[in-house]
Amino acid sequence: MRRVQLLPLAGALFGSVCLPALAQAQVGATSLAPTSLAVASVVGGAGSGSNPAAPIDADEDKDDEDPLEVTGADIVVVAPRMQGQLDVPNQPIVTFDEDDIAAYGADSIGDLIDAISPQTGSGRGRGSGTPVILVNGQRITSFREMRNIPPEAIRKLEVLPEEVALRFGYSANQRVVNLILKDRFSATTVAGEYNAPTRGGYDNYELESGVVKIAGPRRYNFNAKYTDTSMLTEDERNVTQTESSVPTVAGDPDPARYRSLAAADSELTLNGTLTQNLGDGGMAGSITANGAYTHGVTTSFSGLDTVTLTSPAGATAVRTLPDPLTTRVVTDTFSAGLGYSTMIGRWMFNVTGDGSYVDANTRTDRRRDLTSLSDAALAGTLDIAGALPSIPGAGVDTARSRTASLTSLATLSGTPFSMPAGDANLTFKGGYDFSRVQSAYRSDTFSQNTLKRGDVSGGVNLAIPLTSRGDFLGGIGDLALNVSAGLNHLSDFGTLTDWSAGLTWSPTEKLTFQASYLVDQEAPTLAQLGAPNVTTYNVSVYDFTTNSTALVTVLSGGNPDLLKETQRDIKLSATWELPFMKRSNLMIEYFRNRSSNVTNAFPLLTSAVEAAFPDRVQRDADGNLTYIDQRAVTFDEETSSSIRWGLNLSGNLGKEQSDGFGGPPPPGNGPRGGQSTGQGAAKGAGGGSGGPPPGGPPGGPGGKGGRWNLSVYHTWRFTDRVKIADGVPVLDQLNGEALTAGGVPRHAIEAEGGVFKNGYGIRLKAEWEAPTRVDGTGAATSSDLRFGSTFDVNLRIFADLGKNADLVAKMPFLKGTRVSLVADNLLDSRQKVTDATGAVPLAYQAAYRAPQGRVLGIDLRKMF
4 MRRVQLLPLA GALFGSVCLP ALAQAQVGAT SLAPTSLAVA SVVGGAGSGS
54 NPAAPIDADE DKDDEDPLEV TGADIVVVAP RMQGQLDVPN QPIVTFDEDD
104 IAAYGADSIG DLIDAISPQT GSGRGRGSGT PVILVNGQRI TSFREMRNIP
154 PEAIRKLEVL PEEVALRFGY SANQRVVNLI LKDRFSATTV AGEYNAPTRG
204 GYDNYELESG VVKIAGPRRY NFNAKYTDTS MLTEDERNVT QTESSVPTVA
254 GDPDPARYRS LAAADSELTL NGTLTQNLGD GGMAGSITAN GAYTHGVTTS
304 FSGLDTVTLT SPAGATAVRT LPDPLTTRVV TDTFSAGLGY STMIGRWMFN
354 VTGDGSYVDA NTRTDRRRDL TSLSDAALAG TLDIAGALPS IPGAGVDTAR
404 SRTASLTSLA TLSGTPFSMP AGDANLTFKG GYDFSRVQSA YRSDTFSQNT
454 LKRGDVSGGV NLAIPLTSRG DFLGGIGDLA LNVSAGLNHL SDFGTLTDWS
504 AGLTWSPTEK LTFQASYLVD QEAPTLAQLG APNVTTYNVS VYDFTTNSTA
554 LVTVLSGGNP DLLKETQRDI KLSATWELPF MKRSNLMIEY FRNRSSNVTN
604 AFPLLTSAVE AAFPDRVQRD ADGNLTYIDQ RAVTFDEETS SSIRWGLNLS
654 GNLGKEQSDG FGGPPPPGNG PRGGQSTGQG AAKGAGGGSG GPPPGGPPGG
704 PGGKGGRWNL SVYHTWRFTD RVKIADGVPV LDQLNGEALT AGGVPRHAIE
754 AEGGVFKNGY GIRLKAEWEA PTRVDGTGAA TSSDLRFGST FDVNLRIFAD
804 LGKNADLVAK MPFLKGTRVS LVADNLLDSR QKVTDATGAV PLAYQAAYRA
854 PQGRVLGIDL RKMF
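Take the sequence shown: its letters are residues 4 to 867, numbered as in this note's numbering.
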């Protein structure tokens, strides 16, 4: 075969004239970057893999600048990955470009992450909720850095499987969200939001202002936010009271007016972040600093002091005294983070540290001793229906918790060696965490406690490509092995270990299978061990033993006797990119978890729980429930298995804009060429897109044309069993032996979707859970409870008024303005709970299950 080497001028001419057409046809391209397109070679085959995070040495740079080469008739166009995009064998669960993000109408990145929770949620283990957040392929100190930034600053968002977290020093029980920012973005925002339920009773408002600027590797953002929510009481939802708490004398205060369903709370948050390159052109790396302060006040009512007076003749009257039993919590939180990343040869080094100090003070009114009133009534010196003498307050119980914490983690990642199928990836991690909890409780007696924990950790993760479609044993497809191991030495719990192994197999570009096994040991948090004890009065609790509702005294706080937990997880998954729709896929995941010595909140008080923890419950001489110690407990073992499958569909409305490469419109004057700083960024990749300015012309994201999407995830639980302790029967939570108030549904569905065109959009997010039951004791006085299905739908309708050129021409101040109408719990759905007779127990009234009901709101945001 004869090789023809073109002249540089011919190569340049080919690149400028022919490449757009080739790229649009996606001839052999694996990834297209809007800002740059490189022709690595024009040969019949793909080159071997390279370290995407490594800098380009001089020889490689010269090779990249060689004239275009042609051999035979095959032409292969190789396009570099977008800077900050992850180069991992795991296929993304879903990706969002600028138009997709604009279609959500979110005010901040935090709101956007909440909106896509069906895609970012993990079914692994017992669920951990929040995903790992990366920025431009790198770890950050805390999500505080990004939470309040407008989503318009994002060029692309990727959601990846849990196994990717191992490459960044995290455990594989959280999905990974990688935010790729634009190279040029600047905005000042002010926003206001008002919400109120259609049933009335309370209101909520939020005020927020922030400034953000991104200039290549340098970015900063500052934000201030204030929220205020008024109290919602039982009287405002017509909650039926227990007979023993309702006064029988006219003029006595109604306790329903002084028992809160939702506490009043206010919060002020100040937050700032700065990221800056160090050295000439960032050769010394980059550094990030973040600081935040939050002040919160929460106030709740626990009803009134109540006494039953008995006259000498035996007549009785239930009396209530004024002044509600109030609990007030004041919390001050100081947080700071520092991060540094740089290239050390061909290795990426990243270190982050995050610290916080939380000072929480709780004041709880004590119950008054009303024995003197009972004695006077029985002696005949006090009319049981007359005016009551003034009884002084009994003072307050105080609890103070001061928590200091510091987390640090350093990772070193690179390619230690090459395999026939490509480069291996090796990540070392090491860190030190420190936490201290000082708690003090003052009631009739004074007690205090101090707990400290130091945690030295280390670990390693190795990813090895075994086969490659383009290089080695291509008939098998892409096959990669991932193994990891780590340990944590805790000063108060000894040494904990974890390890995992997984295989990722992609027989085709559109189909990926994954299997992994994870063993992880976890210790209870210091808060679970040493939080201050707090007593709450008049808590409505359903008693399965007597089939009645009682107002009981509840103790919450830390339990120093908790044990370390061991989790063993198996995950099998498949992801298929649908060939008949762009940006759409189907995924299926199977999870099996077995955990021992599980730390858990005190469960629903069934007869099995009371038998397992008899010292946690007190009853009076008549068997009525009076007291529950609800501090955390340790379950002997939990086992569960489930399947979670999801369908992600998306498409265009109208004509999709293109820059000639199948991507969004060309960026502004963002930098090009420089050294890649994000782990997973392709060598030679240019900077990110600057994108259109906020409130820009209709040709920007979401201008001409539009987007629609629909994501549906269904969870089917096969088993969920709990062994509380030795000698206690194993409980099947899926068949009536649940330990939570509401049971464990066998089926659950999450869905979100919407349409967006010409600046106008509508979003729906829904969650449904199947009905469940919780069995009683089987005794004549007991009853089973049936918990009905739940169906919660949230609606958001919004208009980016700045996208309407005619409207902006008439009213220029509307540029960059968005107005949104929101409806949380659109259908005003509230779970119905009934006993065997069909009656609703007082402790499970609808108002307790969903106090707010339907909440309507209006949200205004202005970007400058």
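Where is the CB? At the ideal position from N, CA and C, for every residue including glycine.
On a CA-only basis, which of the options is nearest residue i? Give me that one, please.
| i | options | result |
| --- | --- | --- |
| Leu-271 | Val-167, Val-193, Gly-299 and Glu-592 | Gly-299 |
| Ala-526 | Phe-420, Gly-213, Asp-546 and Asp-564 | Asp-564 |
| Gly-306 | Leu-484, Thr-365 and Arg-369 | Arg-369 |
| Asn-541 | Thr-629, Tyr-520 and Gly-461 | Thr-629 |
| Gly-497 | Val-459, Ile-631, Arg-240 and Asp-625 | Val-459 |
| Thr-569 | Leu-465, Leu-521 and Gly-757 | Leu-521 |
| Val-399 | Tyr-261, Thr-323, Asp-447 and Asp-357 | Asp-447 |
| Ala-402 | Lys-726, Ser-442, Asp-231 and Ala-388 | Ser-442 |
| Asn-600 | Gln-524, Val-557 and Gly-195 | Gln-524 |
| Gly-480 | Val-486, Ser-471, Ser-487 and Ala-488 | Ser-471 |
| Ala-808 | Lys-818, Ser-786 and Thr-276 | Lys-818 |
| Glu-580 | Phe-790, Ser-653 and Ala-615 | Ser-653 |
| Glu-770 | Glu-196, Ala-118, Met-85 and Gln-633 | Ala-118 |
Nearest-angstrom Cα distance between residue i and residue j?
| i | j | result |
| --- | --- | --- |
| Thr-775 | Ser-450 | 42 Å |
| Ala-266 | Leu-235 | 7 Å |
| Leu-529 | Asn-364 | 17 Å |
| Arg-571 | Arg-147 | 31 Å |
| Gly-693 | Phe-475 | Summary for Gly-693: the model assigns pLDDT 41, below 50, so the residue's position carries little reliability, and this model does not support an answer. |
| Ala-518 | Arg-833 | 39 Å |
| Ser-359 | Arg-405 | 11 Å |
| Ser-644 | Ser-503 | 19 Å |
| Leu-859 | Val-731 | 47 Å |
| Ala-168 | Ser-421 | 22 Å |
| Thr-538 | Ala-407 | 24 Å |
| Pro-468 | Ala-413 | 25 Å |
| Ala-339 | Gly-294 | 4 Å |
| Val-843 | Glu-512 | 55 Å |
Per DSSP, what kind of secondary structure is residue i in: helix, strand or coil?
| i | result |
| --- | --- |
| Asp-62 | In this predicted model, Asp-62 has a pLDDT of only 42, less than 50, meaning its place in the structure is not dependable enough to derive any value. |
| Ile-217 | strand |
| Ala-118 | helix |
| Gln-86 | coil |
| Val-811 | helix |
| Leu-482 | strand |
| Glu-101 | helix |
| Leu-737 | helix |
| Gly-113 | helix |
| Thr-538 | strand |
| Leu-169 | helix |
| Glu-641 | strand |
| Phe-790 | strand |
| Pro-258 | helix |
| Ala-382 | helix |
| Thr-780 | coil |
| Tyr-593 | strand |
| Leu-376 | helix |
| Asp-546 | strand |
| Gln-531 | helix |
Quick test of your reading: residue i and residue j, contact by CB under 8 Å. State the CB separation rounded to the nearest angstrom.
| i | j | result |
| --- | --- | --- |
| Ser-377 | Val-310 | 6 Å |
| Glu-640 | Ser-610 | At roughly 20 Å, the Cβ-Cβ gap does not stay under 8 Å, so Glu-640 and Ser-610 are not in contact. |
| Asp-436 | Leu-409 | 7 Å |
| Ala-883 | Leu-341 | In the structure as shown, the chain begins at 4 and stops at 867. Residue 883 is therefore absent and cannot be evaluated. |
| Leu-589 | Leu-650 | 5 Å |
| Thr-552 | Ala-846 | 4 Å |
| Asn-452 | Asn-485 | That pair is no contact at about 42 Å. |
In the DSSP assignment, what residue or residues form a beta bridge with residue i?
| i | result |
| --- | --- |
| Lys-806 | Per DSSP, none; premise fails for Lys-806. |
| Ala-363 | Thr-334 and Ser-404 |
| Phe-616 | DSSP, once it has assigned bridges, lists no residue as partnering Phe-616. |
| Gly-284 | For Gly-284, which the question treats as bridged, DSSP gives no partner whatsoever. |
| Pro-200 | Val-858 |
| Val-725 | Glu-641 and Leu-734 |
| Lys-455 | Arg-439 |
Closest Cβ-Cβ distance between residue i and chain E: below 9 Å?
| i | result |
| --- | --- |
| Gly-489 | Absent here is chain E; the protein component of the structure consists of one chain. |
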